[in-house]
Amino acid sequence: MKKILKYISLALVLSTILSSCLKDKELIGPDADGSVANIIEFGDVSVPVSAETSSIPLYSLAYDIAPTGVLNLKLKCVGAKKAESDIKVVIAVNNSLIEKYNEENETEYAELSPSLYSLSSTEVTIKKGEREALIPINLKPDQFTFDEDYAIGLTIKSVSAGVISGNFGNIILNLGAKNFFDGVYKYTTSATTSLVPNANKTVKLVTVGSNKGSLDPGLLGTYSNEVVYTIDVATNQITVACPSLGVQTPQDVRSVYDPATKTLKVYWKQAGGGRTFEETFVYTGPR
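Residues in the sequence shown are numbered consecutively from -18, following the numbering used here.
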């Protein structure tokens, strides 16, 4: 009897799941019963970096260190039909989303100071027959600091027609600045380099200061050990920091940056150890 009840319960669960899937399909199809003509949501501004299970999508963007920068925030009509009438969309900054995201994902994003950005408007109209409208966000990247990961939370407060998306009615924008050597690089090591000789791979140098870049992934583009390169903007000399291994001092004066070719040649040794590292980074494009 217990086995029979078990199979009946399983059948009911499967039936419910299949029914839910069918209902979702019915809502999505443009000619289906119960379909929603106009669903309003924030559009992707980059590839989301949040997990698929996150209740709030998070996007990460970095800007050249300059007095001004612009992020064109997309408001989209993604329902079964294009906007059937002019749709007025009202948005608002909602930084309580950041706290919620941090709790859900065990992260430590902090609110970006309101003095470093401004919304050109909190209202926009998706015109009849269209799918999208933009709200520019004006930024001051040269005033961004690098002590924390800063973000802005945004919410769609109201729409004059249609419904607000349950998945993309809230978003978080993680905003940072890119220094002059931030980017994607072809990375090679010499035959005498310890641990990973003759490497030939693609890595990133990620801004952690106005003249500092962190290797992503870490040490030798292979390990998780943090390595940070600092370029003296006056001399183009490079110094290395690797907290887990330490770096022998005085550091090798052959380590230099060539701004004309965006190439870093780096020579360093582990502090108190016999490991030697000879690395070359050749810029291939922005990250």
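All C-beta atoms, glycine included, are put in the ideal place defined by N, C-alpha and C.
| Check | Outcome |
| --- | --- |
| Per-residue DSSP class, three states only, for Gly202 | helix |
| Cα-Cα separation between Ser77 and Lys250, rounded to whole angstroms | 46 angstroms |
| Segment contact flag, the segment 138 to 148 with the segment 221 to 231, C-beta cutoff 8 angstroms, min 3 pairs | no |
| Among Thr220, Pro198, Ile219, Gln124, the one whose alpha carbon lies nearest that of Ser94 | Gln124 |
| Inter-residue Cα distance where the pair is Ser41 and Lys62 | 30 angstroms |
| Simplified DSSP state of Glu22, which is helix, strand or coil | strand |
| Whole-number beta carbon distance between Arg268 and Asp163, since they are thought to touch under 8 angstroms | 7 angstroms |
| Where the beta strand (DSSP E) containing Leu226 begins and where it ends | Premise fails: Leu226 is in no beta strand (DSSP E) and is neither H nor E. |
| Spatial distance of Lys4 from Val17 (CA atoms) | Per-residue confidence for Lys4 stands at a pLDDT of 30, beneath the threshold of 50, marking its modelled position as unreliable; the derived number appears in the next sentence. Cα to Cα, the separation comes out at about 12 angstroms. |
| Between the CA atoms of Asp213 and Asn192 - distance to the nearest angstrom | 7 angstroms |
| Beta carbon proximity, Lys108 to chain D, threshold 8 angstroms | Considering every chain present, this structure includes no chain D. It has just one protein chain. |
| Opposing strand residues paired with Leu56 [DSSP bridges] | Phe23, Ala114 |
| Neighbour-count burial assignment, Ala43, 16 or more Cβ in a 10 Å radius | buried |
| Separation of Val59 from Gly157, as counted between CA atoms | 29 angstroms |
| Assigned exposure category for Ser31 - 16 Cβ within 10 Å defines buried | buried |
| Rounded C-alpha distance that separates Lys109 from Ser141 | 12 angstroms |
| Status (buried if at least 16 other CB within 10 Å, exposed otherwise) for Asp128 | exposed |
| Beta-bridge partners of Glu285, as assigned by DSSP | Residue 285 lies beyond the residue range present for the chain, which begins at -18 and ends at 268; the question has no answer from this structure. |
| Same chain, Cβ closer than 6 angstroms to Thr261, neighbours up to 5 away in sequence not counted | Thr169, Lys246 |
| Rounded straight-line distance, which links the Cα of Ile46 to that of Gly190 | 10 angstroms |
| Nearest-angstrom Cα separation, counted from Val71 out to Gly181 | It is Asn, not Gly, that sits at residue 181 in the sequence shown. Whole-angstrom Cα-Cα distance: 49 angstroms. |
| Straight-line gap, Lys121 to Ala132 (C-alpha atoms, nearest Å) | 14 angstroms |
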